[in-house]
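Here's the structure we're looking at; comments come further down.
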């Protein structure tokens, strides 16, 4: 298995902190957590991006994210939970993975503004039309 994400999801990597798994996914503690309890949810089959994921695996990822969010809230009492995933060239594992990160006011983890202004806020009606057109073609 060449893919690091596949090796993690299938328990091949050493020293994993697996906290939950089923036939579709494995959940591990992130080795470089932003906050205590930072979890990764990885499918056992290889996928790069969310749109590639089969229905049963996608359901398992979302259902597990709900359960683990409840656990994180009960255990760590965060001010919130960030659930996120990066696709394409921003997917550092080159294997789909979802982050669940307990968040606290003032923890320094931010959603930043774009580095280069692009004016997308002025194009909302046009963007809406483009998206609806493609949705109707699917």
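Numbering (this note's numbering), first residue to last: 103 to 240.
Cβ coordinates follow ideal geometry from the N, Cα and C atoms, glycine included.
Quantities reported herein were computed from a predicted structural model and do not represent experimental measurements.
| Asked | Found |
| --- | --- |
| Which same chain residues, not among the five before or five after residue 183, have their C-beta less than 8 Å away from its C-beta? | 171, 174, 175, 202, 203, 204 and 205 |
| Taking 7 Å as the threshold (beta carbon to beta carbon), is residue 211 in contact with chain B? | Within the model displayed, chain B is absent; a lone protein chain is all it includes. |
| Looking at the structure shown, is residue 105 part of a helix, part of a strand, or coil, going by DSSP? | coil |
| Can you give the Cα-Cα distance for residue 148 and residue 197, rounded to whole angstroms? | 6 Å |
| Would you say residue 82 and residue 126 are within 7 Å of each other, going by their C-beta atoms? | Past the boundaries of the shown model lies residue 82; the chain is included only from 103 to 240, so the question cannot be answered. |
| Give me the Cα-Cα distance between residue 132 and residue 109, rounded to the nearest whole angstrom. | 14 Å |
| Go ahead and pull the three-state DSSP assignment for residue 203. | strand |
| Pick helix, strand or coil for residue 133, following the three-state DSSP scheme. | coil |
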